[in-house]
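First residue of the sequence shown: 1, per full-length UniProt numbering; consecutive thereafter.
Only one structure is covered here, and it is reproduced in the block below.
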Amino acid sequence: MIKIQNLTKKIDDRFIFSSLNLEIPSNKVTFVVGESGIGKTTLINLIAGFTKKDSGKISFLDENGSEIKKPLVDVVFQDFNLIEKITSNDNILIGNNVINKLLDKNALNQNANLMSIKTEQLEQKVNNLSGGERQRIAILRSLSRDSSFILLDEPTRNLDIENAKIVFENLTNIAKNKTILVVSHNLDLAKKYADKIVYIEKNKITEEIFAKNSQNQSLIAKNSDLKYQKTAKNSKFSKIKQEFKTGFLLTITDFKSKLTSSILFILLFLTSFFGTLLFGVLNLNISSTNLQKTIEYQLDSVVVSKKPNGEISTFSTDEITKLKEDNPKIVKIVPFFYFPKVTFTYGDKTEFDSSVDYIDESDFFKNRFIFDNKTLVGRNIQNKDEIIISKSLATKFNIEEPNNQKISVTSFRNTAVDLKVVGISNLATLDSLNFSFLHHKFFELAKPVQKTSEPNENLDNDKPEKIDPWILKLYFNIDDDLANNIENFTKNNKEFEIQSSLGGISKSILNTQSFTNIVIGAILVLFIIILLIQTVFYAKNLSDSKMKLIGILKALSAKTWQIFFYHWLNIIIISLFILFINSVVFLPSMGKIYTAIIGQDILLPSLSQVGTLLIIIWLIMFASISVIYLIISWLSYRKPVIKLLKFDQF
Numbered sequence: 001m002i003k004i005q006n007l008t009k010k011i012d013d014r015f016i017f018s019s020l021n022l023e024i025p026s027n028k029v030t031f032v033v034g035e036s037g038i039g040k041t042t043l044i045n046l047i048a049g050f051t052k053k054d055s056g057k058i059s060f061l062d063e064n065g066s067e068i069k070k071p072l073v074d075v076v077f078q079d080f081n082l083i084e085k086i087t088s089n090d091n092i093l094i095g096n097n098v099i100n101k102l103l104d105k106n107a108l109n110q111n112a113n114l115m116s117i118k119t120e121q122l123e124q125k126v127n128n129l130s131g132g133e134r135q136r137i138a139i140l141r142s143l144s145r146d147s148s149f150i151l152l153d154e155p156t157r158n159l160d161i162e163n164a165k166i167v168f169e170n171l172t173n174i175a176k177n178k179t180i181l182v183v184s185h186n187l188d189l190a191k192k193y194a195d196k197i198v199y200i201e202k203n204k205i206t207e208e209i210f211a212k213n214s215q216n217q218s219l220i221a222k223n224s225d226l227k228y229q230k231t232a233k234n235s236k237f238s239k240i241k242q243e244f245k246t247g248f249l250l251t252i253t254d255f256k257s258k259l260t261s262s263i264l265f266i267l268l269f270l271t272s273f274f275g276t277l278l279f280g281v282l283n284l285n286i287s288s289t290n291l292q293k294t295i296e297y298q299l300d301s302v303v304v305s306k307k308p309n310g311e312i313s314t315f316s317t318d319e320i321t322k323l324k325e326d327n328p329k330i331v332k333i334v335p336f337f338y339f340p341k342v343t344f345t346y347g348d349k350t351e352f353d354s355s356v357d358y359i360d361e362s363d364f365f366k367n368r369f370i371f372d373n374k375t376l377v378g379r380n381i382q383n384k385d386e387i388i389i390s391k392s393l394a395t396k397f398n399i400e401e402p403n404n405q406k407i408s409v410t411s412f413r414n415t416a417v418d419l420k421v422v423g424i425s426n427l428a429t430l431d432s433l434n435f436s437f438l439h440h441k442f443f444e445l446a447k448p449v450q451k452t453s454e455p456n457e458n459l460d461n462d463k464p465e466k467i468d469p470w471i472l473k474l475y476f477n478i479d480d481d482l483a484n485n486i487e488n489f490t491k492n493n494k495e496f497e498i499q500s501s502l503g504g505i506s507k508s509i510l511n512t513q514s515f516t517n518i519v520i521g522a523i524l525v526l527f528i529i530i531l532l533i534q535t536v537f538y539a540k541n542l543s544d545s546k547m548k549l550i551g552i553l554k555a556l557s558a559k560t561w562q563i564f565f566y567h568w569l570n571i572i573i574i575s576l577f578i579l580f581i582n583s584v585v586f587l588p589s590m591g592k593i594y595t596a597i598i599g600q601d602i603l604l605p606s607l608s609q610v611g612t613l614l615i616i617i618w619l620i621m622f623a624s625i626s627v628i629y630l631i632i633s634w635l636s637y638r639k640p641v642i643k644l645l646k647f648d649q650f
């Protein structure tokens, strides 16, 4: 039952209702009859909650007379209020989805057949149906939702006599379980099918009660096969599935209706996103350098020597220890006892002044060198008598695989030693030098070459003289703000000559980046401004085109979060598409783009670093656009249902 108490409504200083009291009984069909403009449709809007009352109370009661706090009220309007660019089936499906009701398709098809609605009409888009067909679809949607209260505003206005009879026969049948209110001009139909007629006249309301005659009862019996399904709650998974299905249906419709503006928005979003990503990659802190490149080019190391004072100065053991203690960021110190140029001899072939680097058998270098059979073949050195030769040296000596071949090494001090080849390195420095790697104490295996042939010369010459290193190679923690640590060490140790490859590269890259950043930054700012303007335009344009859709969804008792989710799904899908394109197309090619702009790939961030930056930028842009879009959607949502339903669709 619907119970109206002291209802007052005034429009433009004219009282439509003044202290109206009315009861619309349960399990009955109640007709409201009156002249045009008398307030019949206003009464429906007041009962449905689409129009605010000035005073009074409207209550919905169950069969026991208890008040229903959140009643499901269905309204069938004169102009149908169907979503025009989707099928009749989808309209009915959405009507059920928004109230979390499973749709019984068998019952739907049977009811459609009883209402003379063909299967083909259910599969057609609404805008291809006639007015009468649309009206029957709207009624069928209402019946499928199994609402306890159904309000119909001129439901037979667009129907011929035969179809009008079918509709009212069906309404009479389902009224056994529902409260039905019909607004109509047709007094003959009202008297034929009504249980109660309410006559609205100026300043007066009268009621007439009808008892069902035998003809009416036979009509009810004739159509007793009409099926309706009690509202059944979905499982959580089914509910989520329904929400997304509804959202996708509406989103596809939106894209089709606003194809040009949607494509323009996607292109601007894509361009702005890529520009922001590129700008971010170019400005990643140099401490975030590519780990592989950092190791390959030894950017985590500096070469330290004492400033010249007329002769070569060496480092004592105490000085090396103090240097390590004063600089905890240093993880490894390798002393150079010899100049990093030696002569190699293998068989009858000799290579003079070949560049070498000094290492040892410690875990530091074991973990540093990855022998992948491409850049490094074989294994790391384990003793002083082992060597990793360069690829260029291996090529010259025709050594294809490291197999403990013995190579003679002679330094500038004329010390010679045979070392076993355990590895081949294809690593190259910034200057494209392909080093061989020797143990920094290999000289301890050597015997100095005799300067004279006198047999009784001091036999201690057979032992290598004790020497101190004149160069130190310092390695810093690669994972701990590398660039700043090296820069701070250089500033705090000005008494030394310090050579840093990373410092030189940083200056070169920063010079290149400064100009590039100005250009890209200016373009990026322009694109972001355009994107924000386009977002506002797109959201406003789309929201305006969806005014009636919002009204329909509100009239169908869709919750606020559902309506906003259906709107927001547009942005979600577009944003996910942008993320997909950038992840699949731009992310893998960012290295080539970076190298083309900067001219090198030494400080190219790793794929994971760029990927993390991509996600962060996407989240920020997605959140910003979503906020703008939802604010504009909220402005549309706030409008009353009656005003929203007056807008044209798309």
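In this text, a Cβ means the ideal position worked out from N, Cα and C, and glycines have one as well.
**Between the CA atoms of residue 191 and residue 207 - distance to the nearest angstrom** = Residue 207 sits at position 207 when you count from the first residue of the sequence shown. Residue 191 sits at position 191 when you count from the first residue of the sequence shown. One C-alpha to the other measures close to 12 Å.
**Message:** So the candidates are 495, 490 and 347; which of them puts its Cα closest to the Cα of residue 394?
**Reply:** The count along the sequence shown starts at 1 and reaches residue 394 at position 394. Ranking the options by Cα distance to residue 394, first place goes to 347.
**Request:** Assuming residue 445 contacts residue 384 (C-beta within less than 8 Å), just tell me the rounded distance between them.
**Result:** Counting from one through the sequence shown, the residue named residue 445 turns up at place 445. Counting from one through the sequence shown, the residue named residue 384 turns up at place 384. The C-beta distance from residue 445 to residue 384 rounds to 6 Å, short enough to meet the 8 Å contact threshold.
**Prompt:** In whole angstroms, what separates the C-alpha of residue 647 from that of residue 598?
**Reply:** Start at 1 with the first residue of the sequence shown, and residue 647 comes out as number 647. Start at 1 with the first residue of the sequence shown, and residue 598 comes out as number 598. Counting only the Cα atoms, residue 598 lies some 54 Å from residue 647.
**Message:** Less than 9 Å between the C-beta atoms of residue 76 and residue 152, yes or no?
**Reply:** Residue numbering aside, residue 76 sits at position 76 when the sequence shown is read from its first letter. Residue numbering aside, residue 152 sits at position 152 when the sequence shown is read from its first letter. In this structure, residue 152 lies closer than 9 Å to residue 76 by Cβ.
**Request:** Taking only the alpha-carbon atoms, compute the straight-line gap between residue 541 and residue 612 and give it to the nearest angstrom.
**Result:** As a first step, residue 541 is located in the sequence shown; it is residue number 541 there, counting from the start. As a first step, residue 612 is located in the sequence shown; it is residue number 612 there, counting from the start. Residue 541 and residue 612: Cα-Cα distance of roughly 34 Å.
**Item:** Supposed close pair residue 378, residue 424 - CB separation, criterion 8 Å
**Value:** The residue you call residue 378 lines up with position 378 of the sequence shown. The residue you call residue 424 lines up with position 424 of the sequence shown. 6 Å between Cβ atoms; contact.
**Asked** What's the gap between the Cα of residue 108 and the Cα of residue 133?
**Response** Working through the sequence shown from its first residue, we reach residue 108 at position 108. Working through the sequence shown from its first residue, we reach residue 133 at position 133. For residue 108 and residue 133, the distance between alpha carbons rounds to 16 Å.
**Asked** residue 644 by DSSP, collapsed to three states: which one?
**Response** For this step, residue 644 is matched to residue 644 along the sequence shown. Note: residue 644 maps to helix in three-state DSSP.
**Message:** Considering only the alpha carbon of each residue, which of 478, 1, 25 and 582 lies closest to residue 299?
**Reply:** Sequence index remark: in the sequence shown, residue 299 carries index 299 (1-based). Taking residue 299 as reference, the option from 478, 1, 25 and 582 with the minimal CA-CA separation is 478.
**Prompt:** Within 10 angstroms of its Cβ, does residue 93 collect 16 or more other Cβ (buried), or is it exposed?
**Reply:** By one-based count along the sequence shown, residue 93 stands at place 93. The residue in question, residue 93, is buried, as its Cβ has 16 or more Cβ neighbours within 10 Å.
**Request:** Identify, in the order they occur along the chain, each residue of the same chain with its Cβ nearer than 6 Å to the Cβ of residue 38, setting aside the five sequence neighbours on each side.
**Result:** Here residue 38 corresponds to residue number 38 of the sequence shown, with the count starting at 1. The beta carbon of residue 38 is closer than 6 Å to those of 200 in its chain, skipping five residues each way along the sequence.
**Message:** Using CA atoms only, rank isn't needed, just tell me which of 42, 155, 180 and 268 is closest to residue 537.
**Reply:** Here residue 537 corresponds to residue number 537 of the sequence shown, with the count starting at 1. It is 268.
**Request:** Could you tell me the distance, in whole angstroms, from the CA atom of residue 354 to the CA atom of residue 434?
**Result:** The residue given as residue 354 occupies position 354 in the sequence shown. The residue given as residue 434 occupies position 434 in the sequence shown. Each residue's alpha carbon lies about 9 Å from the other.
**Message:** I need the DSSP call for residue 324, collapsed to helix, strand or coil.
**Reply:** For this step, residue 324 is matched to residue 324 along the sequence shown. DSSP places residue 324 within a helical segment (H, G or I) once states are collapsed to three.
**Under the three-state DSSP convention, the category residue 61 falls into** = On the sequence shown, residue 61 is found 61 positions in, with the first residue counted as 1. Residue 61: strand per DSSP, three-state reduction.
**Request:** May I have the straight-line CA-CA distance separating residue 253 from residue 49, to the nearest angstrom?
**Result:** Within the sequence shown, the letter at position 253 stands for residue 253. Within the sequence shown, the letter at position 49 stands for residue 49. Residue 253 and residue 49: Cα-Cα distance of roughly 28 Å.
**Asked** Taking buried to mean at least 16 other C-beta atoms within 10 Å of its own C-beta, is residue 638 buried or exposed?
**Response** What you label residue 638 is simply residue 638 of the sequence shown in a count that begins at 1. By the neighbour-count criterion, in which a residue is buried when 16 or more other Cβ atoms sit within 10 angstroms of its Cβ, residue 638 is exposed.
**Element boundaries [alpha helix (DSSP H), containing residue 71]** = Within the sequence shown, residue 71 is the residue found at index 71, counting from 1. Careful: residue 71 lies outside any alpha helix (DSSP H) and carries neither H nor E.
**Prompt:** Can you give the Cα-Cα distance for residue 402 and residue 520, rounded to whole angstroms?
**Reply:** Within the sequence shown, residue 402 is the residue found at index 402, counting from 1. Within the sequence shown, residue 520 is the residue found at index 520, counting from 1. Inter-residue distance for residue 402 and residue 520 is about 49 Å (C-alpha atoms, whole angstroms).
**Item:** Check whether residue 305 and residue 472 have beta carbons under 9 Å apart
**Value:** Here residue 305 refers to the residue found at position 305 of the sequence shown. Here residue 472 refers to the residue found at position 472 of the sequence shown. Yes; because the gap between Cβ atoms is below 9 Å, this pair is in contact.
**Request:** Report the three-state DSSP secondary structure of residue 244 (helix, strand or coil).
**Result:** Here residue 244 is taken as the residue at index 244 of the sequence shown, counted from 1. Of the three classes helix, strand and coil, the one that applies to residue 244 here is helix, per DSSP.
**Asked** In whole angstroms, what separates the C-alpha of residue 213 from that of residue 195?
**Response** Numbered from 1 along the sequence shown, position 213 holds the residue referred to as residue 213. Numbered from 1 along the sequence shown, position 195 holds the residue referred to as residue 195. Only weak support is given to the placement of residue 213: the predicted model assigns it a pLDDT of 48, under 50, and the value that follows is read from those uncertain coordinates. Between the alpha carbons of residue 213 and residue 195 lies a gap of roughly 10 Å.
**Prompt:** Are the beta-carbon atoms belonging to residue 274 and residue 470 less than 9 Å from one another?
**Reply:** Residue mapping note: residue 274 aligns to position 274 of the sequence shown, counting from 1. Residue mapping note: residue 470 aligns to position 470 of the sequence shown, counting from 1. Contact: no.
**Prompt:** Which of helix, strand or coil does DSSP assign to residue 426?
**Reply:** Residue numbering aside, residue 426 sits at position 426 when the sequence shown is read from its first letter. The answer is coil: DSSP assigns residue 426 none of H, G, I, E or B.
**Asked** Closest by CA to residue 426, which one among 380, 397 and 374?
**Response** To locate residue 426, count along the sequence shown from 1; it is residue 426. When only C-alpha atoms are compared, the closest one is 374.
**Message:** What does the alpha-carbon distance come out to for the pair residue 62 and residue 13?
**Reply:** The residue labelled residue 62 in the question sits at position 62 within the sequence shown. The residue labelled residue 13 in the question sits at position 13 within the sequence shown. Cα to Cα, the separation comes out at about 36 Å.
**Message:** Does any residue of chain D have a CB that is nearer than 9 Å to the CB of residue 439?
**Reply:** In the displayed structure, chain D is absent; only one protein chain is listed.
**Asked** residue 14 lies in the beta strand (DSSP E); which residues open and close that run?
**Response** Taking the first residue of the sequence shown as 1, we reach residue 14 at position 14. Start and end: 14–24.
**Message:** Taking its Cβ as the centre, do 16 or more other Cβ atoms sit within 10 Å of residue 618, making it buried, or is it exposed?
**Reply:** Taking the sequence shown and counting its residues from 1, one reaches residue 618 at position 618. Under this definition residue 618 is a buried residue.
**Request:** Identify every run of the beta strand (DSSP E) within the stretch 509–573, keeping only runs that are complete inside it and at least 3 residues long; order them along the chain.
**Result:** The stretch 509–573 is shown to contain no whole beta strand (DSSP E) run of 3 or more residues.
**Message:** By DSSP's criteria, residue 439 is part of a beta bridge. Which residues make up the other side?
**Reply:** Here residue 439 refers to the residue found at position 439 when the sequence shown is read from its first residue. Beta-bridge partners of residue 439 (DSSP): 359.
**Asked** From the DSSP output, which residues share a beta bridge with residue 499?
**Response** Residue numbering aside, residue 499 sits at position 499 when the sequence shown is read from its first letter. In the DSSP output, where bridge partners are listed per residue, residue 499 has 303.
**Item:** Proximity of residue 45 and residue 642 at Cβ, strictly below 9 Å
**Value:** The sequence position of residue 45 within the sequence shown is 45, counting from 1. The sequence position of residue 642 within the sequence shown is 642, counting from 1. Residue 45 is a Cβ neighbour of residue 642, given a cutoff of 9 Å.
**Prompt:** So the beta strand (DSSP E) residue 153 belongs to, where does it begin and stop?
**Reply:** Taking the sequence shown and counting its residues from 1, one reaches residue 153 at position 153. Per DSSP, residue 153 belongs to the beta strand (DSSP E) from 149–153.
**Request:** Please say whether residue 344 and residue 422 have beta carbons closer to each other than 9 Å?
**Result:** If you number the sequence shown from 1, residue 422 lands on position 422. If you number the sequence shown from 1, residue 344 lands on position 344. No. Outside cutoff.
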